[in-house]
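Enquirer: The structure is given below, and queries will be raised subsequently.
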């Protein structure tokens, strides 16, 4: 029996979304690699399956194009939340993820806010291969850039603040940093240019996916890192290649991400 899917994106960060709430679906890594391939399959940055949940409106699982499972994806969470709200005719949903339950709210016809939870700041939570002050972590593969600020938003992030993004080889450096032995689970690499305390320009090399037009959890990580480094205020605009996200790190320690969603097309999995 063919299985329908929805192709969606958040600021160009694109996803194959399968609703398995009524008919279970457990894709194997080879199937995900084939479907995620832009040359041989449908093509996507992440493969997403919506499932039933006993603790929330639905569960979500995320896979990278290499077939490995990811713990979090902010843009995909926003897209799935929109789809669920459309289906239910509501303005709020709760999503069960590997990192916990996320709440999401409608902010406009195609705009959604997601509570991404609290960042985890210890070296074990990132994780790193050994003890470090995560505020300023020396990364041998990126020595000229200075230290990274590292944290987990349900997935690992290393954020570098640079004077000008135009001088940065995001793909070359990102690939080397992602594979550094310092990061036993590999890492998402963000390069941030501070335009003002409320405006960061960000480019992201996404773990197992490569250079991406947007990364929701990466935008959250960059804002948190900027606050920790004294470079940014607790709320601001994150400008990515695919568009803008509004990020706020509240006094309760939780990070709120707001941005647009888009439907590209519907189809059936081959």
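In our numbering, the protein residues as written are 388 to 657. Virtual Cβ for every residue (Gly too), placed ideally from N, Cα, C. Bear in mind that the values here come from a model prediction, so they are computed numbers and not experimental data.
(1) Mapping DSSP to helix, strand and coil, what is residue 532?
(2) Among 470, 533, 572, which one has its Cα closest to the Cα of residue 616?
(3) For the alpha helix (DSSP H) that residue 353 lies in, which residues bound it at each end?
(4) Following the continuous alpha helix (DSSP H) through residue 429, name the residue where it begins and the one where it ends.
(5) From this set, 480, 584, 425, 423, which residue's C-alpha is nearest residue 622's C-alpha?
(6) Rounding to the nearest angstrom, what Cα-Cα distance links residue 404 and residue 540 in this structure?
(7) Compare the C-alpha of residue 612 against each of 650, 576, 440, 485 and name the closest.
(8) Would you mind sorting residue 565 into buried or exposed? The rule is 16 or more other CB atoms within 10 Å of its CB.
(9) In terms of alpha-carbon separation, which member of 420, 411, 428 lies closest to residue 654?
(10) How would you label residue 530, buried or exposed, when you count the other beta carbons within 10 angstroms and need 16 or more for buried?
(11) Mapping the DSSP letters down to three states, classify residue 555 as helix, strand or coil.
(12) Hey, is the stretch 412-431 in contact with the stretch 469-483, meaning 3+ C-beta pairs nearer than 8 Å?
(13) Please state whether the Cβ-Cβ distance between residue 624 and residue 586 is less than 7 Å.
(14) How many whole angstroms separate the CB atoms of residue 570 and residue 508, which I take to be in contact at a CB cut-off of 8 Å?
(15) Rounded to whole angstroms, how far is the Cβ of residue 461 from the Cβ of residue 395, which I believe are closer than 8 Å?
(16) Taking just the CA atoms, how far does residue 430 sit from residue 452?
(17) Less than 7 Å between the C-beta atoms of residue 557 and residue 598, yes or no?
(18) Given a threshold of 16 other Cβ atoms within 10 Å of its Cβ, counted over all protein chains shown, does residue 652 qualify as buried or as exposed?
Expert: To lay it out plainly:
(1) Helix at residue 532.
(2) The shortest Cα separation from residue 616 among 470, 533, 572 belongs to 533.
(3) No statement about residue 353 is possible, as the shown extent of the chain runs from 388 to 657 and does not include it.
(4) No alpha helix (DSSP H) holds residue 429; DSSP gives it neither H nor E.
(5) Of 480, 584, 425, 423, the smallest CA-CA separation from residue 622 is found for 584.
(6) When rounded, the distance between both Cα atoms is 21 Å.
(7) For residue 612, the nearest C-alpha among the options comes from 576.
(8) Per the 10 Å Cβ criterion, buried.
(9) That would be 428, whose Cα lies nearest to the Cα of residue 654.
(10) By the Cβ-count criterion, residue 530 is exposed, with fewer than 16 other Cβ atoms from all chains shown falling within 10 Å of its own Cβ.
(11) Under the three-state reduction of DSSP, residue 555 is assigned to coil, being neither helix nor strand.
(12) Put simply, the stretch 412-431 does not touch the stretch 469-483. Fewer than three CB pairs are less than 8 Å apart.
(13) The answer is yes: Cβ separation under 7 Å.
(14) Residue 570 to residue 508, Cβ: 15 Å. No contact.
(15) The C-beta distance from residue 461 to residue 395 rounds to 13 Å, too long to fall under 8 Å, and the pair is not in contact.
(16) Whole-angstrom Cα-Cα distance: 9 Å.
(17) Yes, the pair counts as a contact, with Cβ atoms nearer than the cut-off.
(18) Exposure of residue 652 is indicated by the presence of fewer than 16 other C-beta atoms within 10 angstroms of its C-beta.
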